[in-house]
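S.K.:
Number of protein chains: 2
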Amino acid sequence: MLKARQCVREMREYHSPLSSPTTELRLDMNESTTGCSPRVLAKLNSMNERTLAQYPRREAGEKLVADFLDVAPQQLLLTNGADEAIDLLCRAYLEPQDEIVIVVPTFAMYDVFSQMEHAKAVRVPTGPDFSFPLERVLKALTAKTRIVVICNPNNPTGIDVPRSAIMQIIQAAPDAAILLDEAYFDFYGQTMIDQIGKLPNLFVARTFSKAYGLAGLRLGVMVGDVEQMSVLRRMASPFNVNAFAIECLAEALADRQFVADYVAQVIASREWLRKELEKLGFKCWPSHGNFILCRFGDEKKNILDALRARGISLRDRPDCEGCVRITIGKQQEMERLMAELKQVLSQLPANQATR
Amino acid sequence: MLKARQCVREMREYHSPLSSPTTELRLDMNESTTGCSPRVLAKLNSMNERTLAQYPRREAGEKLVADFLDVAPQQLLLTNGADEAIDLLCRAYLEPQDEIVIVVPTFAMYDVFSQMEHAKAVRVPTGPDFSFPLERVLKALTAKTRIVVICNPNNPTGIDVPRSAIMQIIQAAPDAAILLDEAYFDFYGQTMIDQIGKLPNLFVARTFSKAYGLAGLRLGVMVGDVEQMSVLRRMASPFNVNAFAIECLAEALADRQFVADYVAQVIASREWLRKELEKLGFKCWPSHGNFILCRFGDEKKNILDALRARGISLRDRPDCEGCVRITIGKQQEMERLMAELKQVLSQLPANQATR
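Here the protein sequences come in this chain order: A and L. Okay, so the first sequence: first residue is 139 according to the numbering used here, each after it adds one. Okay, so the second sequence: first residue is 139 according to the numbering used here, each after it adds one.
#1: Just the Cα atoms here: how many angstroms apart are residue 272 of chain L and residue 359 of chain L?
#2: Give me the Cα-Cα distance between residue 396 of chain L and residue 351 of chain A, rounded to the nearest whole angstrom.
#3: Check whether chain L comes within 8 Å of residue 149 of chain A, counting only Cβ atoms and requiring the distance to be less than that.
#4: Residue 385 of chain L: buried (16+ other C-beta within 10 angstroms of its C-beta) or exposed?
#5: Quick one: grab the DSSP three-state call for residue 308 of chain L.
#6: Would residue 401 of chain L pass as an interface residue toward chain A - the criterion being a Cβ-Cβ separation below 8 Å?
#7: Could you check what DSSP says for residue 148 of chain A in three-state terms: helix, strand or coil?
#8: Taking a contact to mean a Cβ-Cβ separation below 8 Å, would you say residue 284 of chain L touches residue 237 of chain L in this structure?
#9: Can you find at least 3 beta carbon pairs, one from the stretch 247-255 of chain A and one from the stretch 225-239 of chain A, that sit closer than 8 Å?
#10: Can residue 275 of chain A and residue 239 of chain A be called in contact, C-beta distance under 8 Å?
#11: Let's see if you can read the secondary structure: which residues bound the alpha helix (DSSP H) around residue 187 of chain L?
#12: According to DSSP, is residue 454 of chain A helix, strand or coil?
#13: Of all the residues that make up the stretch 289-300 of chain L, which are near chain A by a beta-carbon distance shorter than 8 Å?
#14: Could you tell me the boundaries of the alpha helix (DSSP H) in which residue 323 of chain L lies?
#15: Grab me the residues of residue 420 of chain L's own chain with a C-beta within less than 7 Å of its C-beta, minus the 5 sequence neighbours each way, in chain order.
#16: Are the stretch 171-178 of chain L and the stretch 160-171 of chain A in contact at 8 Å, needing three or more beta carbon pairs?
#17: Taking one C-beta from the stretch 404-411 of chain A and one from the stretch 458-473 of chain A each time, how about it: are there three or more such pairs within less than 8 Å?
#18: How many angstroms separate the CA atom of residue 189 of chain L from the CA atom of residue 302 of chain L?
#19: DSSP on residue 493 of chain A, reduced to helix/strand/coil?
#20: So, using beta-carbon positions, are residue 319 of chain A and residue 343 of chain A closer together than 8 Å?
#21: Can you tell me which of the three DSSP states residue 330 of chain A falls into?
#22: Hey, quick one: how far does the alpha helix (DSSP H) through residue 359 of chain A stretch, first residue to last?
#23: By Cβ distance, which residues of its chain are closer than 6 Å to residue 427 of chain A, with the 5 residues on each side in sequence left out?
#24: Would you mind telling me which residues of chain A sit closer than 9 Å to residue 182 of chain L, beta carbon to beta carbon, in chain order?
#25: In chain order, which continuous runs of the alpha helix (DSSP H) of length 4 or greater are located wholly inside the stretch 200-257 of chain L?
#26: Mind checking if residue 219 of chain A is an interface residue toward chain L, Cβ cutoff 8 Å exclusive?
#27: Determine, for residue 146 of chain L, whether the minimum Cβ-Cβ distance to residues of chain A falls below 8 Å.
#28: Can you round the beta-carbon distance between residue 256 of chain A and residue 422 of chain A to whole angstroms, since I take them to be within the 8 Å contact cut?
#29: Can you list the alpha helix (DSSP H) stretches of 4 or more residues lying completely in the stretch 358-397 of chain L, in chain order?
#30: Leaving out five residues on either side along the sequence, give the residues of the same chain with a beta carbon under 6 Å from the beta carbon of residue 362 of chain A.
#31: Hey, quick one: how far does the alpha helix (DSSP H) through residue 97 of chain L stretch, first residue to last?
#32: Using beta carbons (cut-off 8 Å, strictly below), is residue 169 of chain A in contact with chain L?
#33: Can you check whether the C-beta of residue 493 of chain A is within less than 8 Å of a C-beta belonging to chain L?
#34: Can you say whether residue 348 of chain A is buried or exposed, counting buried as having 16 or more other CB atoms within 10 angstroms of its CB?
#35: On the three-state DSSP scale, how would you describe residue 176 of chain L?
#36: Can you pull the chain L neighbours of residue 481 of chain A, defined as C-beta to C-beta under 8 Å?
In structure tokens form, the structure reads like this:
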């Protein structure tokens, strides 16, 4: 009888909790509710059947993104979303029983992809207020550590990681790949990409799913040392990135004003929302992403259900006790959320949420 | 110092020999030169920024394709091109040193993906005139065989594999996954999908890159036993398929006449081209795909170079001695190819190609 490898048979099914298609306001996936630049849309809507019928040339897109990030094309690989970048890294470096250090709570896919390689996930809990646990990470490093993942700013907490901490880890683990996931870079503004070419074990992942409003496009970026990237490039399917992603890249990168305006609005609305939530007595954490982590406490499930019934989806984060992650949308969407939330709270059976 | 796993360090870089962007007539990738249905194009060109900004819902597309193929959605997975389907299968079943049986010459990616799992590729040569070597495949099966790949019709030869041979292999290797790659099904008309649900070790791969003219879209399909597919589903990234692929599926599947007309034209032009090439003394093999294998012999390189200078790319197949693979385009494109080829031949130094 046919049997899959043990480590994949033992994998749990990962269901991303996508809200129903009828949800009016989807604030559970850290997507942009503003969408992409009109220039990207115009480009996509003008694509012809010839481009669609041909296998896509990733190299042309890689040149554009490399120029934009000020790295060499040989230091860069475009991927089918940042998910594929993470997956390729796990496949490149993890043998069975090797260790990958993951600071939790964080993005779920690091765990999923490392399971597939039959690696051992060493989960290091964050410190007080979800702060980055540098000392614990350093202590977790062993001779079997092949990857250390640092999500900066971290999803779902929004907390950032000091550059000095990242540097210490990179230097403490020269035989390990350090994956710096900068998916939310645009909302944060700090990067380690300047160290690519200097630190041979550093990898930086980026995505067009967040600030560029292009999650449907599936376009991720991995940047790293030329020699290491040459290995990742060999592993990737030559046609891993679709034609739309490649065709629209130039427009997406060129419309800087669009991204800047969107980022500025998200940051302003995020800080507004945080204050509003705190006024209601809910604890929030300072966020550097397009989302905010908020503690609803014991009433979390009731609040989430009631909001969902009103067409609004937030993301439950069972890995952060009593917390939900709220994607920042347009200001009016945040105002609607607050109005609905206040109504929901007034109708709760207890009307006294534990906060 | 950071080192990737040995098996991936040893991988050769796979460069798909994509012709230059200025090639007028690209007959080297088995793409459709006709393109996709106008209904698909209209749908794509009407997509809005909301769809682009959201993570795609693969499940909706899987229901459509499952209905179309008359299987259950649980028996099916949509993938980022058929490449990802093949890759997932290798990752699900191959442990290091396990064996994958591949009949050669064939599609290069089976080899690439199995290398990544550190598996041993057992390459079984085809029989006379590239016929399927059933006896040799049966003899190649061992206790370590975890996958047998059957590409039907085979790329690059166009040769088909008798259903009885496939059945014998499925039954002879109950502990192995039998991957039946039906990428060129639409030009062939025979399938084993009817056996899904009956033979628990059979997997059938399909693609929208060929008859549907959507290689740029990156959309593949894997069909198999519910239990096995549940493993593959767990391994796949939840957002492996882009929003365009999912959005246009309904239109692509609905426009049956478009696909039928294209397939009929390709088959007619293929047979026309074969006769023309044979008139020039070149050996061709009977093909069931949207391509034809032709032996140019010792003059191959000169002919390919000269055609390329005239804006036409054919695919060199060094794995088939003296042969090239020619994608079938529109009839007038095939007539242009023949006209240019005749001119090229008349100008060859020897003017006496060894055929």
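Note that the Cβ used here is the ideal one computed from N, Cα and C, for glycine as well.
M.R.: Let's see:
#1: 26 Å
#2: 33 Å
#3: yes
#4: buried
#5: helix
#6: no
#7: coil
#8: yes
#9: yes
#10: yes
#11: 187-191
#12: strand
#13: none
#14: 323-326
#15: 432, 433, 434, 493
#16: no
#17: yes
#18: 45 Å
#19: At residue 493 of chain A the pLDDT is 49, less than 50, meaning the model places this residue with poor confidence and gives no usable figure here.
#20: yes
#21: coil
#22: Element bounds for residue 359 of chain A: not the alpha helix (DSSP H) but the beta strand (DSSP E), 358-362.
#23: 291, 296, 322, 325
#24: 182, 183, 185, 190, 382
#25: 219-231, 247-254
#26: yes
#27: yes
#28: Actually they do not touch by this definition, with Cβ atoms about 38 Å apart.
#29: 364-373, 381-392
#30: 341
#31: What is shown of chain L runs 139 to 493, which leaves residue 97 of chain L out entirely.
#32: yes
#33: Here residue 493 of chain A scores only 49 on pLDDT, less than 50, and its place in the model should not be relied on; the value that follows carries that caveat. By this cut-off, residue 493 of chain A is not an interface position.
#34: buried
#35: helix
#36: By Cβ distance, chain L contributes nothing, its closest Cβ being about 26 Å from residue 481 of chain A, past 8 Å.
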